[in-house]
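*Asks:* Quick one: structure below, then a few questions.
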Amino acid sequence: FLGGDDSALYSQTHYETRHLKEYGKNIGKTRLQITSGADELGMVMMCRAICDDKRDIPFIYTTYNMGKGRNTIPKYCNEEIGIDVDNTIVAAGGMQVPSPERAELVMAVNTRPDGKTLDANGPANTTKPNKGTIYFVNLVKDLVNKGYSVAVADISFGNGADNALMNELHKEDLQFKLLAYGGWNTATNTTGFLIGTGLLTKWMDKQAREELMLTRYLDEWCYQSNIRQTLGAAVWIHPGYSQSTGNLDGARDFASQQGTELMKAFAQQNINLPANLSIQNLRISHPWNRLFECDIDF
Numbered sequence: 019f020l021g022g023d024d025s026a027l028y029s030q031t032h033y034e035t036r037h038l039k040e041y042g043k044n045i046g047k048t049r050l051q052i053t054s055g056a057d058e059l060g061m062v063m064m065c066r067a068i069c070d071d072k073r074d075i076p077f078i079y080t081t082y083n084m085g086k087g088r089n090t091i092p093k094y095c096n097e098e099i100g101i102d103v104d105n106t107i108v109a110a111g112g113m114q115v116p117s118p119e120r121a122e123l124v125m126a127v128n129t130r131p132d133g134k135t136l137d138a139n140g141p142a143n144t145t146k147p148n149k150g151t152i153y154f155v156n157l158v159k160d161l162v163n164k165g166y167s168v169a170v171a172d173i174s175f176g177n178g179a180d181n182a183l184m185n186e187l188h189k190e191d192l193q194f195k196l197l198a199y200g201g202w203n204t205a206t207n208t209t210g211f212l213i214g215t216g217l218l219t220k221w222m223d224k225q226a227r228e229e230l231m232l233t234r235y236l237d238e239w240c241y242q243s244n245i246r247q248t249l250g251a252a253v254w255i256h257p258g259y260s261q262s263t264g265n266l267d268g269a270r271d272f273a274s275q276q277g278t279e280l281m282k283a284f285a286q287q288n289i290n291l292p293a294n295l296s297i298q299n300l301r302i303s304h305p306w307n308r309l310f311e312c313d314i315d316f
């Protein structure tokens, strides 16, 4: 399972990928896959190992938002997302089926109708729905109401959640009616991780599933798409922060304290917690000494 993280359609990575696929065309898709991503490889391979060990081939059905949908070529990727998802399902040990009735996991992929990928921390990521938002939410709502196990791959923005989508899921009380959610970093990081975790949820108890869901909401939605920008502005003027390197250094404790307060406030307003979960002891830290990612404990 070979990765090519942070690539593009016209890139050296894509050139090498085409040649590697040609070289390995006789090996078979169940033994060789090449993906646009990298960070998701560990989760996909762990899923494959567990499925092989249990002699299980889980069925998965995929559906996409209106517009470009599966033909979207996301930012940081070198092929259509539908091709990568199809191949990653095989790599994870699953099998794609043509209808949700036969699937134990339904993966709904949120793409922008125009096929573009914007930045989650940019001004376009507002709570105002675009023409695809309501369509996609209604699609997810219908699947959930029919009793399907639904996982949402949120890839309309890079490195964070779609605020409009998340706001609508909150209003429709769908947040914890989903089986899994992902919206982190690149598109294939999200879809690969979600395929792996989604297929493994049948061996997880309800508490573990909901803890993972809450972590994803706090990280992708709360931190990456919202409070990181506010936190960054506060940290920038802190005397312990290294403006030349971007390292937190002497502002690390300050970033943890301020980030925790911001995250708690956002979560209390935007996440309908199940009865068995609490954010009373929530705390974030920055193990890589920078703001780009955070570690979340609750």
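By the count of the working numbering, the sequence shown reaches residue 316 at its end, each step adding exactly one. Positions of the beta carbon are idealized from the N, C-alpha and C atoms, including for glycine.
Quick one: what does DSSP say valine 115 is sitting in, helix, strand or coil?
*Replies:* DSSP places valine 115 in coil when its eight states are reduced to three.
*Asks:* Measure the alpha-carbon distance for phenylalanine 284 versus asparagine 143 and round it to whole angstroms.
*Replies:* About 16 Å.
*Asks:* Alpha carbons only, please: which of Ser54, Gly55, Ile213 is nearest the one belonging to valine 62?
*Replies:* Minimum Cα distance to valine 62 is reached at Ile213.
*Asks:* Are there three or more Cβ pairs, one per stretch, closer than 8 Å when the segment 171-185 is compared with the segment 235-254?
*Replies:* Taking 8 Å as the limit for Cβ pairs, the verdict is that the segment 235-254 does touch the segment 171-185.
*Asks:* Report the option in Gln298, Glu119, Ala56 whose CA atom is closest to the CA atom of threonine 206.
*Replies:* Residue Ala56 is the option with its Cα nearest to threonine 206.
*Asks:* Which of the three DSSP states, helix, strand or coil, is assigned to asparagine 163?
*Replies:* Helix, per DSSP.
*Asks:* Is it the case that the CB of serine 243 approaches a heavy atom of the ligand COA more closely than 7 Å?
*Replies:* Ligands displayed in this structure: none; no statement on the ligand COA is therefore possible.
*Asks:* Which residue marks the beginning of the alpha helix (DSSP H) containing threonine 106, and which one marks its end?
*Replies:* First-last of the alpha helix (DSSP H) with threonine 106: 99-109.
*Asks:* So, using beta-carbon positions, are leucine 232 and phenylalanine 175 closer together than 8 Å?
*Replies:* The answer is no: Cβ separation not under 8 Å.
*Asks:* Can you name the residues that DSSP bridges to arginine 301?
*Replies:* Asp315, per the DSSP bridge assignment.
*Asks:* Taking a contact to mean a Cβ-Cβ separation below 8 Å, would you say asparagine 83 touches valine 127 in this structure?
*Replies:* Their beta carbons are under 8 Å apart, which means asparagine 83 touches valine 127 by this criterion.
*Asks:* When burial is assigned at 16 or more other CB atoms within 10 Å of the CB, is glutamate 98 buried or exposed?
*Replies:* Looking at its Cβ environment, which holds 16 or more other Cβ atoms inside 10 Å, glutamate 98 is buried.
*Asks:* Anyone know if the C-beta pair for leucine 197 and arginine 227 falls short of 8 Å?
*Replies:* Yes. Within cutoff.
*Asks:* Are there three or more Cβ pairs, one per stretch, closer than 8 Å when the segment 22-41 is compared with the segment 70-86?
*Replies:* No: the two stretches stay apart, fewer than three of their Cβ pairs being nearer than 8 Å.
*Asks:* Could you give the distance in angstroms between the alpha-carbon of histidine 102 and the alpha-carbon of lysine 220?
*Replies:* Per the sequence shown, residue 102 should be read as aspartate rather than histidine. Using only the alpha carbons, I get a separation of about 24 Å.
*Asks:* For serine 54, does the count of other Cβ atoms within 10 angstroms reach 16, so buried, or fall short, so exposed?
*Replies:* Counting Cβ neighbours within 10 Å, serine 54 comes out buried, since at least 16 surround it.
*Asks:* Can you tell me whether tyrosine 235 is helix, strand or coil according to DSSP?
*Replies:* Looking at tyrosine 235 - three-state DSSP - the assignment turns out to be helix.
*Asks:* Please identify the residue among Met64, Leu20, Met125 whose C-alpha is closest to the C-alpha of phenylalanine 77.
*Replies:* The option with the nearest alpha carbon to phenylalanine 77 is Met125.
*Asks:* List the residues that DSSP assigns as beta-bridge partners of alanine 198.
*Replies:* Paired residue(s): Ala169.
*Asks:* What is the DSSP secondary structure of methionine 64, reduced to helix, strand or coil?
*Replies:* In this structure, methionine 64 counts as helix in the three-state DSSP scheme.
*Asks:* How big is the Cα-Cα spacing for asparagine 177 and glutamine 276?
*Replies:* Each residue's Cα considered, the two are about 21 Å apart.
*Asks:* Helix, strand or coil: how does DSSP classify aspartate 180 here?
*Replies:* Three-state DSSP puts aspartate 180 in coil, outside helix and strand.
*Asks:* How would you write the range of the beta strand (DSSP E) that isoleucine 78 sits in, first residue to last?
*Replies:* First-last of the beta strand (DSSP E) with isoleucine 78: 77-82.
*Asks:* Rounding to the nearest angstrom, what Cα-Cα distance links tryptophan 254 and glutamate 279 in this structure?
*Replies:* If you take the alpha carbons of tryptophan 254 and glutamate 279, they lie about 17 Å apart.
*Asks:* Can you give the Cα-Cα distance for isoleucine 152 and proline 257, rounded to whole angstroms?
*Replies:* C-alpha separation (whole angstroms): 45 Å.
*Asks:* Return helix, strand or coil for isoleucine 52, following the three-state DSSP convention.
*Replies:* DSSP places isoleucine 52 in strand when its eight states are reduced to three.
*Asks:* Can you tell me whether DSSP reads asparagine 265 as helix, strand or coil?
*Replies:* Of the three classes helix, strand and coil, the one that applies to asparagine 265 here is coil, per DSSP.
*Asks:* In the DSSP assignment, the beta strand (DSSP E) including asparagine 203 goes from what residue to what residue?
*Replies:* Careful: asparagine 203 lies outside any beta strand (DSSP E) and carries neither H nor E.
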